[in-house]
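First residue of the sequence shown? That's 1 in the UniProt record's numbering, and the numbers climb one at a time after it.
Using N, Cα and C, we set each Cβ at its ideal position, and we do this for glycine too.
The structure presented is a predicted model; accordingly, all values stated were derived computationally and were not measured.
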Amino acid sequence: MNKKQIVVGVAIVAIMGYLYSLPVKGLIKAGAARDKAQSAPPQAMAAKAASNVTVEMVSEPAKTAIGAGLSAKITDLEGQLKNASGDAEKLSIDKKLAASWDDVNQPAPAAFYYQAVARKDNSYTAWLNSGNRFNDALKITQDTALTPAYITGAVEAFTNALKLKPQSLEAKTGLGVAYVNGGASPMQGIALLREVVAQDPNNISANLNLGLFSMKSGQFNKAVQRFKTVIAHNPGFEPYFYLAETYKQLGQKPEAIAAYQKCKEMMPDPAFGQRIDQYIKELKN
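Written out as structure tokens, the structure reads:
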């Protein structure tokens, strides 16, 4: 599975989770969103919680999700890793496990294996892969007990990636997202994302995440512009969905309906389509 397929898969899961975690009328009010975004566990507690999460803890539910057939190869590789004797052999199997979890679109276990690879070979690519997968895992998880580990892992990964390539816009974007999601350094994270956009005004990931963070803080007009920038250069169901949600919050019903319809066209999933139809119906009433 290539990088684009992984990103699309994560976006689908994230949006579907978003759809079914909210009432048909959508987002919580802006003030409540700000309160939620600003509340974060103390750093010491978060660090302790992160250290208690292991790759085994996230691998087992991931295996259940993909089924016995697809998980058989992974289980075999896990057995090989336990019996491996040398560092070179362990590194090779860690790489295979990371790639295998990517192939079945399971970012959480992939993140831990890329982390293991990066800690051994200290390569920019491994650190970047680890950070991206941790951010992806955070985006789709419903288990808040896992979030400190994902955030901590992402910060470690992108920090080390930037040590190797200080000008990497992808690593800066990933670190910015991790900082904001962590709650401890949100303004530092926003500053990193703005730095990326200053260097690359059309950067897809930075603009999309700045748009999402604007939504969460109730700055819907700013979010609209961010999502429009993304759509202008890389139209897809994800930015159209968030643009529709933003228009809805602004009371711009025709624009919201048009964006929802475009989103539905780009992701022809029956369950997704039915939920979008409910949103459109509610806006028309």
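Have a look at residue i and residue j and give me their C-alpha separation to the nearest angstrom.
i, j, result
"residue 125", "residue 164", "10 Å"
"residue 94", "residue 155", "21 Å"
"residue 102", "residue 110", "6 Å"
"residue 104", "residue 281", "35 Å"
"residue 100", "residue 224", "37 Å"
"residue 172", "residue 108", "21 Å"
"residue 270", "residue 132", "29 Å"
"residue 54", "residue 241", "33 Å"
"residue 180", "residue 188", "8 Å"
"residue 276", "residue 228", "20 Å"
"residue 209", "residue 177", "7 Å"
"residue 119", "residue 199", "30 Å"
"residue 175", "residue 129", "12 Å"
"residue 25", "residue 85", "Residue confidence is low: residue 25 scores 37 on pLDDT, short of 50, so the model does not pin down where it sits. Its coordinate-derived value is still stated next. Answer to the nearest angstrom: the Cα atoms are 56 Å apart."
"residue 266", "residue 83", "46 Å"
"residue 140", "residue 61", "14 Å"
"residue 121", "residue 235", "37 Å"
"residue 127", "residue 283", "44 Å"
Closest by CA to residue i, which one among the options?
i, options, result
"residue 272", "282, 237, 285", "237"
"residue 71", "80, 82, 59, 117", "59"
"residue 152", "135, 251, 221", "135"
"residue 285", "127, 190, 253", "253"
"residue 137", "129, 106, 123", "106"
"residue 195", "178, 185, 167, 184", "167"
"residue 262", "283, 231, 250", "231"
"residue 218", "250, 244, 170", "250"
"residue 146", "112, 162, 158, 161", "112"
"residue 169", "68, 197, 268", "197"
"residue 160", "185, 115, 183, 191", "115"
"residue 246", "279, 193, 183", "279"
For residue i, count neighbouring Cβ atoms within 10 angstroms of its own Cβ and tell me buried if that reaches 16, exposed if not.
i, result
"residue 215", "buried"
"residue 64", "exposed"
"residue 286", "Given a span of 1 to 285 for the chain in the structure shown, any question on residue 286 remains unanswerable."
"residue 38", "With a pLDDT of 43 at residue 38, under the threshold of 50, the modelled position of that residue is not reliable, and no figure is offered here."
"residue 207", "buried"
"residue 259", "buried"
"residue 201", "exposed"
"residue 78", "buried"
Any chance you could list the alpha helix (DSSP H) runs of at least 4 consecutive residues sitting entirely within the segment 84 to 132, in chain order?
87 to 103, 107 to 121
List, from N- to C-terminal side, the beta strand (DSSP E) runs of 3 residues or more that fit wholly inside the segment 168 to 205.
none
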